[in-house]
Amino acid sequence: EPEVTQTPSHQVTQMGQEVILRCVPISNHLYFYWYRQILGQKVEFLVSFYNNEISEKSEIFDDQFSVERPDGSNFTLKIRSTKLEDSAMYFCASTPRGGGHDTQYFGPGTRLTVL
Amino acid sequence: GQQLNQSPQSMFIQEGEDVSMNCTSSSIFNTWLWYKQDPGEGPVLLIALYKAGELTSNGRLTAQFGITRKDSFLNISASIPSDVGIYFCAGRSDRGSTLGRLYFGRGTQLTVWP
């Protein structure tokens, strides 16, 4: 069964460094999402992406964050200058067409630790 | 933002018992979803509900989309040890042709004793 994949599974970085989290959505899906989950808390929406542009972003997704679909398969989340509070699990999700009965399928996540 | 209240926060039950958890929202959703998350993994979709009043089953799991569109519940019958995990409700309000973001509840941590 097709699934969303994410790399790396765990990323450790120093505060102030840039990180890029990578996702490969399910191949025929058109809508892509990033969510994050701070340890012990609920999953929170960051951004949705369709047709090579951001569809919606939350208040968390400030100027330090950016997303890109550099080729036909990868979907990336970049954090330009990481802060301690960026430490969290980051989940990528995708959905086929975005409407009706489509649901979002989540990847296994990348655990980001900012020191 | 939209607030989802999920309860209970945690449950400790014996194998074979039935489980019930629910979510209420401060606003209307078009879709209710129930996910399960195992430690270190991403949420896995269990049941999706698209219509007010809809009752849907997936094996031992049954979920309902509340008539008011502001609530949903999930029941697990005859629990087994592999049911252990965190269960999240999620709601979605679609706008036009754009698939809306998911709003998640805080989760219900389920522990099943053999």
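First to last, the sequence lines map onto chains A and B.
In terms of the numbering used here, the first sequence opens at residue 1103 and continues consecutively.
In terms of the numbering used here, the second sequence opens at residue 8 and continues consecutively.
All C-beta atoms, glycine included, are put in the ideal place defined by N, C-alpha and C.
Close partners of B:Pro50 in chain A (Cβ separation under 8 angstroms): Val1145, Phe1193, Phe1208.
Per the coordinates, the alpha-carbon of A:Arg1182 lies some 11 angstroms from the alpha-carbon of A:Leu1123. Looking at the DSSP output, B:Lys43 bridges to B:Val51, B:Tyr94. Close partners of B:Gly23 in chain A (Cβ separation under 9 angstroms) are lacking, with about 29 angstroms as the shortest Cβ gap. Counting along the chain, A:Ala1195 sits inside the beta strand (DSSP E) bounded by residues 1190 to 1197. Contacts between B:Ala59 and chain A, judged by CB atoms closer than 8 angstroms, are missing: the closest CB pair is about 15 angstroms apart. In terms of beta-carbon proximity, B:Gly112 lines the interface with chain A, with at least one pair separated by less than 8 angstroms. Annotation: B:Phe95 to B:Asp45 spans about 11 angstroms, alpha carbon to alpha carbon. Of the residues A:Gly1211, A:Thr1184, A:Glu1187, the one whose Cα lies closest to the Cα of A:Ser1111 is A:Gly1211. Going by beta carbons, B:Val51 and B:Ser86 fall outside the 8 angstroms limit.
The segment 1162 to 1180 of chain A makes contact with the segment 1135 to 1151 of chain A: 3 or more CB pairs, one atom from each, lie closer than 8 angstroms. For the pair B:Leu56 and B:Gly92, the CB atoms are not nearer than the 8 angstroms cut-off. Residues are counted here when their Cβ sits less than 8 angstroms from a Cβ of chain B; for the segment 1128 to 1153 of chain A these are Tyr1133, Tyr1135, Tyr1137, Gln1143, Lys1144, Val1145, Glu1146, Phe1147, Ser1150, Tyr1152, given in chain order.
For B:Thr69, the enclosing beta strand (DSSP E) covers residues 68 to 72.
The three-state reading of DSSP puts A:Glu1187 in helix, counting H, G and I together. Of the candidates A:Leu1217, A:Ser1175, A:Leu1141, the residue whose Cα lies closest to the Cα of A:Tyr1192 is A:Leu1141. The beta carbon of B:Phe95 sits closer than 8 angstroms to some beta carbon of chain A. Of the other Cβ atoms in all chains shown, 16 or more fall within 10 Å of the Cβ of A:Phe1208; this residue is therefore buried. A:Glu1120 is the residue among A:Glu1120, A:Glu1103, A:Pro1104 whose C-alpha sits nearest the C-alpha of A:Leu1186. In this structure, DSSP gives B:Ser89 a helical state, which the three-state scheme calls helix. B:Ser79 is classed as buried because its beta carbon has at least 16 other beta carbons within 10 Å across all chains shown.
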